[in-house]
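Q: This is the structure, below, for whatever I ask next.
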Amino acid sequence: MNAVTTNVRKDGSVSILVVNAGSSSVKFGLFRFDTLEPVARGVLDWGAIEQNSGADRAVLTLTPQSGEPLRRELDAPDYRHGVIAALAVLEQAGYTAAGSEIRVTGHRLIHGGEEIRRPVRIDAAMKETIARYAHLAPLHIPPGLEAVAATEAALPGVPQVGVFDTAFFADVPPHAYLYPLPYEWYEDWGIRRYGFHGTSHAYCTGRAAEMLRRALADLRLIVCHLGQGSSATAVRDGVAVTNTMGYTPLEGFMMGTRCGTVDPGILLHVQREHGLSVEQLDDVLHHKSGLLGLSGISSDFRRVEAAAADGHRRARLALDVYAYRVRTTIGALAAAIGGVDAVVFTGGIGENSAWLRSEACRGLEFLGLRLDDSRNADCRPDADISAADAPVRVLVIHTREDLMIAREARRLVS
Ligand code: ADP
Numbered sequence: 001m002n003a004v005t006t007n008v009r010k011d012g013s014v015s016i017l018v019v020n021a022g023s024s025s026v027k028f029g030l031f032r033f034d035t036l037e038p039v040a041r042g043v044l045d046w047g048a049i050e051q052n053s054g055a056d057r058a059v060l061t062l063t064p065q066s067g068e069p070l071r072r073e074l075d076a077p078d079y080r081h082g083v084i085a086a087l088a089v090l091e092q093a094g095y096t097a098a099g100s101e102i103r104v105t106g107h108r109l110i111h112g113g114e115e116i117r118r119p120v121r122i123d124a125a126m127k128e129t130i131a132r133y134a135h136l137a138p139l140h141i142p143p144g145l146e147a148v149a150a151t152e153a154a155l156p157g158v159p160q161v162g163v164f165d166t167a168f169f170a171d172v173p174p175h176a177y178l179y180p181l182p183y184e185w186y187e188d189w190g191i192r193r194y195g196f197h198g199t200s201h202a203y204c205t206g207r208a209a210e211m212l213r214r215a216l217a218d219l220r221l222i223v224c225h226l227g228q229g230s231s232a233t234a235v236r237d238g239v240a241v242t243n244t245m246g247y248t249p250l251e252g253f254m255m256g257t258r259c260g261t262v263d264p265g266i267l268l269h270v271q272r273e274h275g276l277s278v279e280q281l282d283d284v285l286h287h288k289s290g291l292l293g294l295s296g297i298s299s300d301f302r303r304v305e306a307a308a309a310d311g312h313r314r315a316r317l318a319l320d321v322y323a324y325r326v327r328t329t330i331g332a333l334a335a336a337i338g339g340v341d342a343v344v345f346t347g348g349i350g351e352n353s354a355w356l357r358s359e360a361c362r363g364l365e366f367l368g369l370r371l372d373d374s375r376n377a378d379c380r381p382d383a384d385i386s387a388a389d390a391p392v393r394v395l396v397i398h399t400r401e402d403l404m405i406a407r408e409a410r411r412l413v414s
């Protein structure tokens, strides 16, 4: 492999490697162990490759905190080789020196079932436990475990920590996680609501308390993570009481291409009356619904907003449905925690769309939500955008899942 020239500085500090393995890409983050300052981030993306380069190659983009990004095409016939090749580039760029400078690796893992309720050290037994939940998140758990194997091989002896998206919901009570289906479905098949995006919701919960200078034990929060996937969590006294996603990440808000909550009777009807197969239905619910399905234009909120501004009727409808669902969910979650002290918006849409924030809060004055329109319009996260005298604060927080994982990884080895 060629030597890498980049103006990254190797300063000899010990670091934390954060690995976030998705279905077609792996994101990396490097943080200083002592200060948790970010050093660099990277993405290894199999989807970014030219068609004619073959499926066994991927593109690594490495962006140092200061300095020019670096882009390399790598041999990555499978996930494991891809991650190992990416770590070799990190080493050549002066970050990792054969693992000796990485003190711990923190992995984002989507699902820990009912068993894993907090961040854990990953050993052989823990890998088996995690693998038992692969059927609950088939697109994420297998790549996550492959990433664990790859970093184990590339960084021998470096402890590995797993941070689970479902863990923040470990204390959700049965009345919030049970579906009114035959109880045996829960007992025998594990069908219940689990909740997702927990790492983001947990980070925003802590950050909101910090911004409000209030103890978590004294706060009722509603955190709306609105990105390509979206969910909201009601948090009381620092504990998640419910999350809008369910057995799978299809439930709850309308999303980029996912439908969110719909009448399950529709699914029976279209199979019976219109002959849709299970596979077709799966494809429609995951990939052809949400913003894309309603607008007919795009799954990307920005593009739908632009089309609506140009007078596109279905784009406008899609946005209206989206905002209505966020607004009514905030109302429902306030009921779950007996009122609300602060609402948080985060994720690509929550952090960037002033229109969505304004529409989602419209009509919720009865709960105490009132925005300062100019603060909302000019908002740079992290910010408080509520009117000075409003009883409920509305915060916009830039989510930092990677930082949360780095923090937890450091805690477990300290
Ligand atoms: P992911 O869930 O993949 O992490 P993000 O949290 O980055 O996704 O959110 C992606 C969404 O954020 C997209 O729908 C995108 O259009 C939207 N978004 C990003 N920037 C803006 C913006 N300035 N205004 C409105 N929407 C935005």
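First residue of the sequence shown? That's 1 in the working numbering, and the numbers climb one at a time after it.
Where is the CB? At the ideal position from N, CA and C, for every residue including glycine.
1) Should Thr151 and Thr105 be called a contact, given that it needs their Cβ atoms to be closer than 9 angstroms?
2) Do you know whose CA, among Glu305, Thr261, Asp188 and Asp341, lies nearest Val326's CA?
3) Using only the heavy atoms of ligand 1, determine whether one of them is closer than 8 angstroms to the beta carbon of Ile458.
4) Given a cut-off of 9 angstroms on the beta-carbon distance, is the pair Ile110 and Ala409 in contact?
5) So Lys27 is in the beta strand (DSSP E); what residue range does that whole segment cover?
6) Can you check the segment 205–237 for any beta strand (DSSP E) of at least 3 residues that lies completely inside it and give the ranges in chain order?
7) Would you kindly work out how many angstroms separate the C-alpha atoms of His107 and Ala86, rounded to a whole number?
8) Taking the alpha carbon of Arg411 as the reference point, which residue from Gly252, Arg118, His140 and Thr166 has its own alpha carbon closest?
9) Go ahead and pull the three-state DSSP assignment for Pro143.
10) Under 9 angstroms, do Ile349 and Phe301 count as touching if we go by C-beta distance?
11) For Val344, collect the residues of the same chain with a Cβ closer than 6 angstroms to its Cβ; drop the 5 residues on either side in sequence, then sort them by chain order.
12) Out of Glu101, Ser358, Glu273 and Arg370, which one is the CA nearest neighbour of Gly157?
13) Output needed for Ala98: all residues of its chain with C-beta closer than 7 angstroms, excluding positions within five of it in sequence on either side, in chain order.
14) According to DSSP, is Ser353 part of a helix, a strand, or is it coil?
15) Are Ala323 and Leu356 close, meaning C-beta to C-beta below 9 angstroms?
16) Pick out whichever of Tyr183, His175, Val163 and Trp189 has its Cα sitting closest to the Cα of Phe196.
17) Let's see if you can read the secondary structure: which residues bound the alpha helix (DSSP H) around Val304?
18) Please specify which runs of the alpha helix (DSSP H), each continuous and at least 4 residues long, are wholly inside the segment 44–113, giving them in chain order.
19) With the cut-off set at 9 angstroms, would you say His201 and Ser230 are in Cβ contact?
20) Contact check, Arg57 vs Asp34 under 8 angstroms by CB: the rounded distance?
21) Can you give, in chain order, each stretch of the beta strand (DSSP E) that sits fully within the segment 235–322 and has at least 3 residues?
22) Does the distance between the C-beta of Arg380 and the nearest non-hydrogen atom of ligand 1 fall short of 8 angstroms?
23) Which word fits Phe366, buried or exposed, when buried means at least 16 other C-beta atoms lie within 10 angstroms of its C-beta?
24) Here's the rule: buried if 16 or more other CB atoms are within 10 angstroms of the residue's CB, otherwise exposed. What is Tyr79?
25) Between Gly256 and Arg214, what straight-line distance do the alpha-carbon atoms span, to the nearest angstrom?
26) Give a single yes or no on whether Asp320 has its beta carbon closer than 8 angstroms to a heavy atom of ligand 1.
27) Leaving aside the five residues before and after Asp171 along the sequence, list all residues of the same chain whose C-beta is less than 6 angstroms from its C-beta, in chain order.
28) Would you say the beta carbon of Phe301 comes nearer than 8 angstroms to a heavy atom of ligand 1?
29) Between Val19, Cys379 and Asp263, which has its C-alpha nearest Met404's C-alpha?
30) Quick test of your reading: Val241 and Ile337, contact by CB under 8 angstroms. State the CB separation rounded to the nearest angstrom.
31) Which of the three DSSP states, helix, strand or coil, is assigned to Ser13?
32) For Gly29, which residues of its own chain have a beta-carbon under 6 angstroms away from its beta-carbon, when the five flanking residues on both sides are left out?
33) When you compare the CB positions of Leu70 and Val89, do they come within less than 9 angstroms of one another, or not?
34) Could you tell me whether any non-hydrogen atom of ligand 1 is closer than 8 angstroms to the CB of Asn352?
35) Might you give, ordered along the chain, the residues of its own chain that have their beta carbon closer than 6 angstroms to the beta carbon of Glu146, omitting 5 neighbours on each side?
A: Judging by the given coordinates:
1) Here residue 151 corresponds to residue number 151 of the sequence shown, with the count starting at 1. Here residue 105 corresponds to residue number 105 of the sequence shown, with the count starting at 1. Contact flag set, yes.
2) Start at 1 with the first residue of the sequence shown, and residue 326 comes out as number 326. Residue Thr261 is the option with its Cα nearest to Val326.
3) Since the first residue of the chain shown is 1 and the last is 414, residue 458 is not available in this structure.
4) Walking along the sequence shown from the start, residue 110 turns up at place 110. Walking along the sequence shown from the start, residue 409 turns up at place 409. No, the pair does not count as a contact, with Cβ atoms beyond the cut-off.
5) What you label residue 27 is simply residue 27 of the sequence shown in a count that begins at 1. Unbroken beta strand (DSSP E) run through Lys27: Ser25 to Arg32.
6) 220–226 and 230–236
7) For the purposes of this step, residue 107 is identified with residue 107 of the sequence shown, where counting begins at 1. For the purposes of this step, residue 86 is identified with residue 86 of the sequence shown, where counting begins at 1. Cα-Cα distance, rounded: 15 angstroms.
8) Residue 411 sits at position 411 when you count from the first residue of the sequence shown. Checked all of Gly252, Arg118, His140 and Thr166; the closest Cα to Arg411 is Arg118.
9) Your numbering for residue 143 matches position 143 in the sequence shown. If DSSP states are grouped into helix, strand and coil, Pro143 belongs with the helices.
10) The residue given as residue 349 occupies position 349 in the sequence shown. The residue given as residue 301 occupies position 301 in the sequence shown. Closer than 9 angstroms, so yes.
11) Within the sequence shown, residue 344 is the residue found at index 344, counting from 1. Within the same chain, Val344 has close Cβ partners Cys204, Ala208, Val223, Leu395 and Ile397.
12) Walking along the sequence shown from the start, residue 157 turns up at place 157. Among Glu101, Ser358, Glu273 and Arg370, the Cα nearest to that of Gly157 is on Glu101.
13) To locate residue 98, count along the sequence shown from 1; it is residue 98. Low local confidence applies: a pLDDT of 48 at Ala98 is under 50, so the model's placement there is unreliable, with the coordinate-based value given in what follows. Closer than 7 angstroms at Cβ, skipping near neighbours: Glu91.
14) Reading the sequence shown from its first residue, position 353 is the one you call residue 353. Of the three classes helix, strand and coil, the one that applies to Ser353 here is coil, per DSSP.
15) As a working mapping, residue 323 is identified with position 323 in the sequence shown. As a working mapping, residue 356 is identified with position 356 in the sequence shown. The answer is yes: Cβ separation under 9 angstroms.
16) Here residue 196 refers to the residue found at position 196 of the sequence shown. Cα-wise, what sits closest to Phe196 is Val163.
17) Your numbering for residue 304 matches position 304 in the sequence shown. Run containing Val304: Phe301 to Ala309, per the alpha helix (DSSP H) assignment.
18) 79–92
19) Taking the sequence shown and counting its residues from 1, the one referred to as residue 201 is at position 201. Taking the sequence shown and counting its residues from 1, the one referred to as residue 230 is at position 230. Contact flag unset, no.
20) Position 57 of the sequence shown, counted from the start, is the residue given in the question as residue 57. Position 34 of the sequence shown, counted from the start, is the residue given in the question as residue 34. Contact flag wrong, Cβ pair sits at about 37 angstroms.
21) 239–243
22) What you label residue 380 is simply residue 380 of the sequence shown in a count that begins at 1. Outside the cutoff, so no.
23) The sequence position of residue 366 within the sequence shown is 366, counting from 1. So Phe366 counts as exposed.
24) As a first step, residue 79 must be located in the sequence shown, where it is residue number 79. That one is buried.
25) Looking up residue 256 in the sequence shown gives position 256. Looking up residue 214 in the sequence shown gives position 214. One C-alpha to the other measures close to 34 angstroms.
26) Indexing the sequence shown from 1 puts residue 320 at position 320. No, since every heavy atom of ligand 1 falls outside the 8 angstroms radius drawn around the Cβ of Asp320.
27) Numbered from 1 along the sequence shown, position 171 holds the residue referred to as residue 171. Val239.
28) Within the sequence shown, the letter at position 301 stands for residue 301. Because some heavy atom of ligand 1 lies under 8 angstroms away, the Cβ of Phe301 counts as near it: yes.
29) For this step, residue 404 is matched to residue 404 along the sequence shown. When only C-alpha atoms are compared, the closest one is Val19.
30) One-based indexing of the sequence shown puts residue 241 at position 241. One-based indexing of the sequence shown puts residue 337 at position 337. Right, their Cβ atoms sit about 6 angstroms apart.
31) Against the sequence shown, residue 13 aligns to sequence position 13. Coil, per DSSP.
32) Against the sequence shown, residue 29 aligns to sequence position 29. The answer, listed in chain order, is Val18, Arg41 and Asp402.
33) Position 70 of the sequence shown, counted from the first residue, corresponds to residue 70. Position 89 of the sequence shown, counted from the first residue, corresponds to residue 89. Yes; because the gap between Cβ atoms is below 9 angstroms, this pair is in contact.
34) Taking the first residue of the sequence shown as position 1, residue 352 is located at position 352. Under cutoff, so the answer is yes.
35) By one-based count along the sequence shown, residue 146 stands at place 146. Correct list, in chain order: Tyr79 and Arg80.
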